[in-house]
Amino acid sequence: MDKTRKIVFLSMMISMALVLSVIDSRIPILPALPGVKIGLANIISLVILRFYGFKDAIIVSIIRCFLTWFFHGSLIALVLSTSGGILSIFVMWLLFKGYPKYFSMMGISICGAVSHNIGQISMASIILQTSYVFSYLPYLLIAGVVSGYGIGFLGKYICNFIEKEKLLDSKWMPPSV
Amino acid sequence: MLKKGDLIIGVVILMLISISFFGIKVYKHFSGDTAHTALVIQDGKTLYSIELDTVSDTKSIRVDGKYKHVILVEHGKIRFSEADCPDKICVRTGWLTELGDIAACIPDRIVIKVEGNKDNVDSVSY
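Chains V and A are the protein sequences, given in the same order. Convert by adding 4 to the 1-based position in the first sequence; the result is the number in our numbering. Convert by adding 799 to the 1-based position in the second sequence; the result is the number in our numbering.
What follows is the structure, encoded as structure tokens:
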């Protein structure tokens, strides 16, 4: 029963992340910073990390990136989003070890957003073979803090809801990898 | 709502932002304000090298890959002015004027970079 519930839940999460990422790409933020997104799909990563742990979060994230690529992406966008996504989930997983005593959902999400940006920009510098893209870094970091906070807030709200309605087993420490 | 670890995160990120911001300023300062050369690179191959300071009238260049692009060159500046690609991030980047400015069409791997003159030292041998 638990297994079925898990499969159903994760599949729903993948489709929701896909829709969020499509909506995301249509919302223009700051023409001055090309390529900056709100990152709504990261809400999903947060929720899955919280309830299911590292492995499932990575799998969902990678599947979502590939699906987004099928729907409307270029290969390079795929490479950038998976590299940012994997780094960000890894960092968030490490921080979740200290949840909820040391870090709040917002703090974890901010770190996730920041590491996502760093991962993407590093990959972009490799692809474009230039280190000049790093001049975007300070502005990306600031945008990451702002959006990370918002995403963390939404994620916290959703996690609280899931806990309250007892939709899933709540564990304070996600099961090991 | 603010926990112990959050404060540490805040401090670390503030440090990251300041370091990257000032690091870039320092780097640009030491690169010196030499002649501005714009490079148009497609797939790693440099197609054009344009001395922006010696441009007297507006020129437009067509660069095509999977999508069509029009690059506009004026005195001291260069930009993507039109592109067919879905994101149009390249066009939205606007004018490139300073050392280190860069615009790219990622799907087509077309990059415009503004560099200093060729005396930028990458390595020294003696």
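Glycine included, every Cβ here is placed at the ideal spot set by N, Cα and C. Values in this document were obtained by computation on a predicted structure and should not be read as measured data.
Considering only residues of the same chain and omitting the five flanking positions on each side of V:Met17, which have a CB-CB separation below 8 angstroms?
Within the first sequence, the letter at position 13 stands for residue 17 of chain V. Excluding positions up to five away in sequence, the list reads Ile48, Val51, Ile52, Val64.
Does the stretch 85–100 of chain V touch the stretch 122–129 of chain V, meaning 3 or more C-beta pairs lie closer than 8 angstroms?
yes
Distance check for A:Leu895 and A:His835, CA to CA, integer angstroms please.
Here residue 835 of chain A refers to the residue found at position 36 when the second sequence is read from its first residue. Here residue 895 of chain A refers to the residue found at position 96 when the second sequence is read from its first residue. Whole-angstrom Cα-Cα distance: 10 angstroms.
Answer with yes or no whether the minimum CB distance from A:Phe820 to chain V is below 7 angstroms.
Within the second sequence, numbered from 1, the residue matching residue 820 of chain A stands at position 21. Taking Cβ atoms only, chain V reaches closer than 7 angstroms to A:Phe820, which makes this a yes.
Tell me whether the beta-carbon of V:Leu14 lies closer than 7 angstroms to the beta-carbon of V:Leu44.
In the first sequence, the residue the question calls residue 14 of chain V occupies position 10. In the first sequence, the residue the question calls residue 44 of chain V occupies position 40. For V:Leu14 and V:Leu44, no; Cβs fall outside 7 angstroms.
A:Leu838 to A:Lys802, Cα distance in whole Å?
Within the second sequence, residue 838 of chain A is the residue found at index 39, counting from 1. Within the second sequence, residue 802 of chain A is the residue found at index 3, counting from 1. Answer to the nearest angstrom: the Cα atoms are 48 angstroms apart.
For V:Lys160, name the three-state secondary structure that DSSP assigns.
On the first sequence, residue 160 of chain V is found 156 positions in, with the first residue counted as 1. Helix at V:Lys160.
Mind the definition here: the stretch 898–915 of chain A touches the stretch 872–888 of chain A only if three or more C-beta pairs lie below 8 angstroms; say whether that holds.
yes
Provide the residue span of the alpha helix (DSSP H) that contains V:Ser49, from first to last.
Here residue 49 of chain V is taken as the residue at index 45 of the first sequence, counted from 1. 46–56 is the extent of the alpha helix (DSSP H) around V:Ser49.
At the 7 angstroms Cβ level, is V:Ser87 part of the contact set with chain A, yes or no?
As a working note, residue 87 of chain V is residue 83 in the first sequence. So, not an interface residue.
Could you give the first and the last residue of the continuous beta strand (DSSP E) run that contains A:Ile849?
In the second sequence, counting from the first residue as 1, residue 849 of chain A sits at position 50. That run of the beta strand (DSSP E) goes 844–850.
Cα separation between V:Gly247 and A:Asp863?
With chain V running from 5 to 181 in the structure shown, residue 247 of chain V is simply not present.
On the three-state DSSP scale, how would you describe A:Val839?
For the purposes of this step, residue 839 of chain A is taken as the residue at position 40 of the second sequence. Of the three classes helix, strand and coil, the one that applies to A:Val839 here is strand, per DSSP.
When DSSP labels each residue in this structure, what does V:Phe75 get in the three-state scheme?
The residue given as residue 75 of chain V occupies position 71 in the first sequence. V:Phe75 carries a helical assignment under DSSP once its states are collapsed to helix, strand and coil.
Residues in the same chain with beta-carbon distance under 6 angstroms from V:Ala21, minus the five sequence neighbours each way, listed in chain order, please.
In the first sequence, residue 21 of chain V corresponds to position 17, counting from 1. So the list reads Ala45, Ile48, Arg68, once near-sequence residues are dropped.
Report the rounded CA-to-CA distance for V:Ala36 versus V:His76, giving the unit in angstroms.
On the first sequence, position 32 is the one that residue 36 of chain V refers to. On the first sequence, position 72 is the one that residue 76 of chain V refers to. Those two C-alpha atoms are separated by around 23 angstroms.
Which residue marks the beginning of the beta strand (DSSP E) containing A:Ile860, and which one marks its end?
As a position in the second sequence, residue 860 of chain A is number 61, starting the count at 1. A:Ile860: member of the beta strand (DSSP E) spanning 858–863, first to last residue.
For a quick check, are the C-beta atoms of V:Phe107 and A:Gly843 less than 7 angstroms apart?
Residue numbering aside, residue 107 of chain V sits at position 103 when the first sequence is read from its first letter. Residue numbering aside, residue 843 of chain A sits at position 44 when the second sequence is read from its first letter. Result no, Cβ atoms of V:Phe107 and A:Gly843 do not sit closer than 7 angstroms.
Kindly list the residues whose CB is nearer than 8 angstroms to the CB of V:Met110, restricted to its own chain and excluding five residues on each side of it in sequence; keep chain order.
Translated into the one-based positions of the first sequence, residue 110 of chain V becomes position 106. Within the same chain, V:Met110 has close Cβ partners Gly152, Tyr153, Gly156, Phe157, Lys160.
Whose C-beta lies closer than 8 angstroms to the C-beta of V:Val83 among residues of the same chain, with five residues either side of it excluded?
Indexing the first sequence from 1 puts residue 83 of chain V at position 79. The residues are Met127, Ile131.
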